[in-house]
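Residue numbers (numbering that gives the first Met the number 0): 0 to 546.
I have placed the structure first, in the form of structure tokens, so that the comments after it can refer back to it.
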Amino acid sequence: MVRYCLNIFAITVLLVLTSCSKEKSLIKEMSVLQISPAIGEITKSLVDDSNISTKEIGIQITNQLGTQLYDGNGLYEHLRLIKPAGSWLVDNGAGDTKEVIIKGDNAKIYAYYPFTSNPTNFTGTGETSVLMVNIPREHKRDSIPDYLWCAQDRTLPSGGAEINVSSATVQLKMNHSLSLIAFVFYKSGYENPGNISRMEMKSVAGNNFFRANKEGINDLRMKLSNGELVGGTMVSSLIVSDIDANITLTTDPGTTPSTLFPLRNFHMLLAPASIANRDDIEFEFEIDGSTYTAKFPGAGPLNMIAGNLYILTVKLSPKALNITGVASWNMVDYEVSSGYDDLWYGMQPVQIGSLLWAPVNAGYEPSRPYGLLYQWHRKYGQDYDVMPSFVEGPTNLANANNILKQNVFYYNTNIDSKYDCIWPQLSSWDMTDTYNPCPQGWRVPTAEEFQNLISYGYTYSANGLDNLPGFWIGGNHNTNLSGSLFFPLAGFRRNDSSNTMRESVGDYWSSSVLNENAKVLYMNVTSPSMNVMKRASGASVRCVKAL
């Protein structure tokens with residue numbers, strides 16, 4: 000292992016200072032930098048938080064202003080961030096692991112995806128650094144990477160501390176540089192195979208809306224300081240060739256982005272574009288040797304913004320092709336989205352009283368409908384079915400909320416530390432981003448808010464949302480479920496680390512405490528009520544937002 004004079008892991012060098020009285024004090028002089036990348040926003044594109052751990056990310060470390068390499072050392076110029084197993088590691092791109100040592104000066108990290116070992120493809124330092132990107136006007140299917148960038152001088156995406164010897168654990172915010180458009184086709188009475196071979200997206204009026212490579216030379220670059228694409232040339236159309244995708248759906252798949260995206264026949268990544276009138280955009284498809292055209296639906300401007308995804312549903316009938324739906328994943332274009340589709344896969348929050356309630360538990364995924372189980376006052380939860388790492392607790396507040404410890408469950412069976420995962424004990428749950436398991440602007444409910452929720456009435460269902468057992472609370476909970484909120488019986492994890500009672504019991508943390516315990520909304524198959532729980536236990540979280 001080669002050591003660089005910059006800091007990311009847990010190395011500590013102590014300097015001994017001797018005073019006139021011969022007293023000694025210890026000063027931390029260096030630390031090892033620890034980096035964990037994630038996608039900056041809850042977006043859906045080719046690279047997201049579900050698969051970023053499989054990617055190779057390039058990094059460069061500079062001074063805080065981004066004007067020169069950290070410590071003036073060229074060793075920090077072309078580094079690679081990888082996760083072969085367990086933890087993210089830094090190497091030189093050839094497999095030689097590096098310890099990046101941070102000293103007293105503040106640092107800034109520039110990152111990009113995909114990593115390149117070719118020095119001509121990545122040039123500049125800090126604010127002037129650029130990555131060569133390849134976006135030909137005509138390209139084969141799946142040939143353009145989902146380019147990412149980052150420029151960060153704090154330990155957290157939403158702030159945190161300056162990156163230096165005292166704070167060298169960094170969660171990077173990786174941002175998308177490109178926009179994405181995807182197509183989901185379905186047949187209506189069409190009997191042929193439905194093989195899609197080519198697509199052209201073009202301006203009917205011949206306006207040069209789209210940025211692409213120049214003919215014969217590629218000078219298209221992505222700035223790492225802000226993700227902006229510069230260079231290249233502006234063209235009036237983009238073409239995807241060699242698609243070779245067959246249409247298999249025979250019914251309209253709807254407009255829910257989370258359902259549509261896995262069904263896409265193909266997609267196209269493109270540079271962000273601002274188009275004054277979407278009626279000027281036309282698609283030309285070659286299917287089974289025939290050519291079909293269709294306009295982009297709707298009226299008004301079309302903003303293809305970095306990190307956003309449009310999904311078009313396309314109906315192919317014997318004599319016509321029509322675009323029947325437009326879904327936008329992000330909170331960018333509200334043709335279909337109400338602004339929360341990106342948080343809960345198209346599901347909307349429910350207003351009960353003066354609060355908005357999240358429709359599902361924190362940590363929800365379609366493949367994990369119960370959500371995650373959280374220890375009290377921890378930002379990151381663990382899965383019920385996939386066993387986390389078990390470490391005897393308690394631990395300190397910072398360690399419990401370190402993203403590198405997100406898959407660690409701190410069990411505690413010791414009465415002296417009050418069966419808590421964090422010590423010393425806290426009087427309330429701090430809802431700043433560092434400790435909050437909820438989306439920005441949302442929080443964990445209080446015990447009083449849960450008690451008030453129960454007063455709106457409830458009905459048990461053995462096959463509620465996602466066919467899970469649990470309670471519908473509020474609204475028309477015992478009829479058509481309008482305005483009602485579903486709480487599944489997700490089970491819990493005991494403070495000794497054993498998980499239990501899924502489908503029989505549900506426990507939901509409040510932010511309120513009672514002596515050494517914390518208050519929970521407890522429910523079994525009979526009714527919901529308020530109770531208390533040891534804080535080292537793992538329970539569900541349901542987020543709220545005040546109106």
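Beta carbons are placed, not taken as given, at the ideal position from N, Cα and C, and that holds for glycine.
Every value quoted in this text rests on a predicted model; they were computed, and no experiment measured them.
Close CB contacts of I180 within its chain, under the 6 angstroms cut and outside five residues either way in sequence, are with M267, Y309 (chain order).
The beta carbons of L311 and V325 sit about 6 angstroms from each other, so the pair counts as a contact at 8 angstroms.
In the three-state DSSP reduction, Q405 falls in the coil class, being neither helix nor strand. Counting only the Cα atoms, D384 lies some 34 angstroms from W148. Taking the C-beta atoms as reference points, I134 is found no nearer than 8 angstroms to S202. Per the DSSP secondary-structure output, P527 pairs in a beta bridge with M522. The segment 256-264 and the segment 210-230 do not touch, with fewer than 3 CB-CB distances between them shorter than 8 angstroms. Comparing alpha carbon positions, the residue from P192, S224, T254 closest to T247 is P192.
DSSP places P256 inside the alpha helix (DSSP H), whose first and last residues are 256-259. Here DSSP, grouped into helix, strand and coil, assigns Q450 to helix. As summarised for the segment 84-142, the continuous beta strand (DSSP E) elements at least 3 residues long and confined to that stretch are 86-90, 96-101, 106-112, 129-131, 137-139, given in chain order.
Taken through DSSP and simplified to helix, strand or coil, D70 comes out as helix. Between the beta-carbon of Q347 and that of G537 there is about 27 angstroms, and that puts the pair past the 8 angstroms contact cut.
With respect to the 8 angstroms criterion, V443 and W356 are not classified as neighbours on the basis of their beta carbons.
Under the Cβ criterion (8 angstroms, minimum of three pairs), the segment 446-462 counts as touching the segment 527-543. For A399, the enclosing alpha helix (DSSP H) covers residues 396-399. Here N207 is exposed: its Cβ has fewer than 16 other Cβ atoms, across all protein chains shown, within 10 Å. Ranked by Cα distance from A244, the first of P271, D218, I195, I274 is I195. In the structure shown, Y75 adopts helical secondary structure according to DSSP, grouped into three states.
Residue environment: V229 is assigned as exposed (fewer than 16 neighbouring CB atoms within 10 Å of its CB, all protein chains considered). For Q350, the enclosing beta strand (DSSP E) stretches over residues 349-351. Counting of Cβ neighbours within 10 angstroms places L223 among the buried residues, the total reaching 16 or more. Collapsing the DSSP output to three states places S416 in a helix. G473 and Y455 do touch by the CB rule: their CB atoms are close to 4 angstroms apart, below 8 angstroms. For E502, same chain residues with a beta-carbon under 6 angstroms away, outside a window of 5 residues either side, are P468, L488 in chain order.
The beta carbon of L371 sits closer than 7 angstroms to the beta carbons of A361, G362, G380, Q381, D382 from its chain, once the five residues preceding and following it are set aside; these are given in chain order. Rounded to the nearest whole angstrom, the CA to CA distance from L88 to G57 is 12 angstroms. S236 is bridged by DSSP to K201. The shortest CA-to-CA distance from L64 to any of N117, T127, T115, N120 is the one to T127.
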